[in-house]
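Q: Numbering of the sequence shown is given in our numbering, commencing with residue 1300 and proceeding in unit increments.
Quick one: this structure, given as C-alpha cells, is what I'll be asking you about.
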Amino acid sequence: MFEFNARALSGAIVEVSSFKNLLENHGVGIGRFTAHGIQDVMHSVRDLSELFVRLGLHGTPDECAHILEILGPSLGKNASALRRDLKRVIVEISAQEMGDLRLHFQSLVTLVNAELKGRKFFALEVHGSYFNDPRLFGQEVFNNFSSATDDITEAGSCLSLNRPTACVMHLMRVLEVGLASLAAEMGIKKQNDWGSYLREIDRELERRIKASGARSPDEQFFAEASKNIDDMRRAYRNPTMHPDKSYSVERANDILQSVRSFMRHLATKLHD
C-alpha cells in the first residue's frame, strides 16, 4: 500500500484530458501550442506514469513514455527561446507527430480503463489524521517508549482504515510496553504475562511500605499506574483476546484516547 495525492492526480488527469481534446479537435496538419502548455502536459504525463508504475501497471507507463518521446524533442527545438515567456513561445508539432500523439493518448485512456478495472482505492475519513503517525501519542511517548512506536503507529492506522478491533489489539501491546517499563523501574524481572507482572508489582509495593511505613511520591505513582493498567487489562485486554469481542470505531477511539493519556502520564517518569 502507498499514499498518493488525489488532488494532484485529478489535476494531472484534467490536464492530459484537455490536451487530448485539443488534439482531437485540431484536425489534420501541423499543431501549434505554447511551450508553457507543452511543459504542463509533459509534467502531468510524468506524474501519471510514476503512479502507474507504483500501481504495477504495464501498458500505461509505456504509452506515457511514447507521448514524452514525441513532446520532448518538439519542445527542445525551441530551447533557445524558452528563456522568454513560455506562454508566448510557440512549439510546432508535425502532422505525423500529431497523428501519433492522437493514437497514443487514445491508447492511454483505453489502457487506464482496462488496467484499473478491479482496483480499489480508499479515502480516509474521520480519523484520517491518525494514519501512519508514529508520534500519535506525543513526542515524549515517542522518545521514551520507542519499542511501542510500531504498535502506536499501527493502532492509529487501523482506526483510520475502519479496523477498530485491530486498533484495540495494538493498543494492548502498547500498554504491555508500559507495564514492562513500570516493572523494570521497580527492579522486577521479566514476566511471562500481565497477571504475573501485576502480582510482582503489588508484592514489591507492599514490601516497600512495610519497610518504610509510608509511600514515597514515586511509589504512589507506581501504585496508581499499576491499578490503572489492571483496570484496562480487565476492561479491554482480556475481552479483546476472545474472537466474539469486537469494537466500534467510536469505542476504539475512546480506548485509544485512554491509552494515549495513560502512556503520556507514564512518560513523565518512565522509559523503556
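For glycine and all other residues, C-beta sits at the position ideal for the given N, C-alpha and C.
Keep in mind the model is a prediction, meaning the values are calculated, not measured.
In its own chain, which residues sit with a C-beta less than 7 Å from the C-beta of residue 1344, not counting the 5 before and 5 after it?
A: 1315, 1363, 1366 and 1367
Q: Measure the Cβ-Cβ separation of residue 1423 and residue 1459 and say whether it is below 7 Å.
A: yes
Q: Work out the CA separation of residue 1310 and residue 1388 for me, nearest whole Å.
A: Looking at the two C-alpha atoms, the distance is approximately 23 Å.
Q: Using only alpha-carbon positions, find the residue among 1313, 1304, 1308 and 1565 that is nearest to residue 1441.
A: Among 1313, 1304, 1308 and 1565, the Cα nearest to that of residue 1441 belongs to 1565.
Q: Hey, out of 1467, 1430 and 1462, whose CA is closest to residue 1452's CA?
A: 1430
Q: Where does the unbroken beta strand (DSSP E) through residue 1582 begin, and where does it stop?
A: Residue 1582 falls outside the range modelled here, since the chain spans only 1300 to 1571, and no answer is possible.
Q: What's the C-alpha gap between residue 1563 and residue 1449?
A: 16 Å
Q: May I ask you to verify whether the segment 1516-1525 touches the segment 1496-1508, counting CB pairs closer than 8 Å and requiring at least 3?
A: yes
Q: Helix, strand or coil: how does DSSP classify residue 1375 here?
A: helix
Q: Whose C-alpha, out of 1404, 1536 and 1557, is nearest the C-alpha of residue 1321?
A: 1404
Q: For residue 1331, count neighbouring Cβ atoms within 10 angstroms of its own Cβ and tell me buried if that reaches 16, exposed if not.
A: exposed
Q: With the cut-off set at 7 Å, would you say residue 1532 and residue 1493 are in Cβ contact?
A: yes
Q: Would you identify the three-state DSSP class for residue 1499, choosing helix, strand or coil?
A: helix
Q: Hey, out of 1416, 1371, 1555 and 1306, whose CA is closest to residue 1465's CA?
A: The candidate whose alpha carbon is nearest that of residue 1465 is 1555.
Q: Sort out for me which residues DSSP pairs residue 1331 with in a bridge.
A: 1391
Q: When burial is assigned at 16 or more other CB atoms within 10 Å of the CB, is residue 1355 buried or exposed?
A: exposed
Q: Less than 6 Å between C-beta atoms, sequence neighbours within five positions excluded: which residues of the same chain meet that for residue 1312?
A: none
Q: Give me, in chain order, the residues of the same chain whose beta-carbon lies closer than 6 Å to that of residue 1240; leave out the 5 immediate sequence neighbours on both sides.
A: Limits of the chain in this structure are 1300 at one end and 1571 at the other, which puts residue 1240 out of reach.
Q: Taking the alpha helix (DSSP H) that residue 1317 falls in, what are its first and last residues?
A: 1305-1325
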